[in-house]
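Structure record follows, encoded as structure tokens.
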Amino acid sequence: MKPSITPLGKFTLLCLLFTGIFTVAHAQLSVGIRGGISYSGTSYRPTAAIPKQKVQGLKSKPVYGIAIEHYFKDHAGVELDIQYLTTGYIEYDQDETLSNQTEFEYLKIPFLSNFYFGRSGRFHIKLGPHFGYLLNATDVRREFESENEDLPILPTYGQPGDDPKKFMYGLTAGAGISKVFGKSTVVAEVRASYELGRPESLDRIFDMEVTNLEFTVSYLFQVMER
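Residue numbering for the sequence shown follows full-length UniProt numbering, starting at 1 and increasing by one per position.
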């Protein structure tokens, strides 16, 4: 039997290859770690004829990973992150006594332009796309179902046969401040992201929108100079 590589394995190898090319191709790089908390928001339309329904997102979920930063000219550069992120939602029944909770764990890769103002103390503005891969979907709690077939609620995504979409993509924007200490940099920032895709693959609901806020601190160390 020929050895096979799983989709996650292929995705991880692609990320590592891209990171290696990125590292070799540029002369000035800083590499470090990034961590903090995230807040996700979710809304959906059960059918085309029904207005958007907003549900509660997940709060204070951990986000952490590796950050790679390169400045190709003064005050302008790019940043590539490889991070672990949890999103999801909590939907309540009409009496708000029962709830359904689902969580999605992603490997997320933002690739952002990075503009800054200042010298050792800097203000940053970041913008760009992000991509990711679904590692796991879990139905933490399922306490109620819709009593009306014409008014579906958010379905399960962690059960056999749910088949959530694995690939995520969207846009990310952020702002923050940083302080340079020789070859080390400490960064505090907030990012907002909007998903252009959705996990639903079986058309059980008409549409779904997911947003995410991240509050993080990063420590970067310069590993290559111009």
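By construction, the Cβ of each residue, glycine as well, lies at the ideal position given by its N, Cα and C atoms.
These numbers were taken from a predicted model, which means no experiment stands behind them.
Taking only runs of the beta strand (DSSP E) that begin and end inside the UniProt domain "Outer membrane protein beta-barrel" (29–183), which ones reach a length of at least 3 residues, in chain order? 29–45, 53–57, 61–73, 76–92, 99–118, 121–142 and 167–181
Coil, strand or helix - residue 198 by DSSP:
coil
Among 134, 56 and 115, the one whose alpha carbon lies nearest that of residue 125: 115
Tell me the DSSP secondary structure of residue 203 in three-state form. coil
Handout entry: residue 102 and residue 157 closer than 7 Å at C-beta
Key = yes
- request: Kindly list the residues whose CB is nearer than 8 Å to the CB of residue 106, restricted to its own chain and excluding five residues on each side of it in sequence; keep chain order.
  value: 84, 85, 86, 87, 132, 133, 134, 135 and 168
inquiry  = Checking the sheet assignment: what are the DSSP bridge partners for residue 223?
reply    = Paired residues: none, contrary to the question.
Compute the beta-carbon to beta-carbon distance between residue 186 and residue 214, rounded to the nearest angstrom, for a pair I have assumed lies under 8 Å.
-> Actually they are not in contact, since the Cβ atoms of residue 186 and residue 214 sit about 17 Å apart, beyond 8 Å.
Quiz prompt | Alpha-carbon spacing of residue 225 relative to residue 188, whole angstroms | solution = Distance between the alpha carbons of residue 225 and residue 188: 23 Å.
In chain order, what residues of the same chain lie with their CB nearer than 8 Å to the CB of residue 26, ignoring the 5 residues before and after it?
Residue placement at residue 26 is flagged as unreliable, the pLDDT there being 47, under the threshold of 50; the coordinate-derived value follows with that caveat. So the list reads 70, 72 and 224, once near-sequence residues are dropped.
Restricting to Cα atoms, I'd like to know which of 104, 82 and 40 is closest to residue 159.
104
query: Counting pairs of beta carbons, one from the stretch 33–46 and one from the stretch 195–209, are three or more of them closer than 8 Å?
result: yes
Between which residues of its own chain and residue 123 is the CB-CB distance below 7 Å, once the five residues before and five after are set aside? 116, 117 and 177
Quiz item: Sorted by chain position, which residues of the same chain lie with C-beta nearer than 6 Å to residue 76's C-beta, five sequence neighbours on each side aside?
Solution: 115
Measuring only the C-alpha atoms, how far is residue 57 from residue 163? 21 Å
Q | Cut-off 6 Å between Cβ atoms - residues of its own chain near residue 54, not counting five sequence neighbours on either side | A | Counting only residues of its own chain and dropping the five nearest sequence neighbours on each side, residue 54 has a CB closer than 6 Å to the CB of 43.
Next on the checklist: Since residue 65 and residue 82 should fall inside the 8 Å C-beta cutoff, what is the C-beta to C-beta distance between them, to a whole number of angstroms?
Outcome noted: 5 Å
Exercise for the section: Buried or exposed for residue 174, please, with buried defined as at least 16 other CB atoms from any protein chain shown within 10 angstroms of its CB. Expected result: buried
Exercise. By a C-beta neighbour count over all protein chains shown, 10 Å radius and 16 as the cutoff for buried, is residue 34 buried or exposed?
Worked result: Of the other Cβ atoms in all chains shown, 16 or more fall within 10 Å of the Cβ of residue 34; this residue is therefore buried.
**Study point:** Residue-chain proximity (residue 106, chain B), Cβ-Cβ < 7 Å
**Key:** Among the chains of the structure shown, chain B does not appear; only one protein chain is present.
Cut-off 7 Å between Cβ atoms - residues of its own chain near residue 281, not counting five sequence neighbours on either side
Any answer about residue 281 is impossible in this case: the structure gives the chain only from 1 up to 226.
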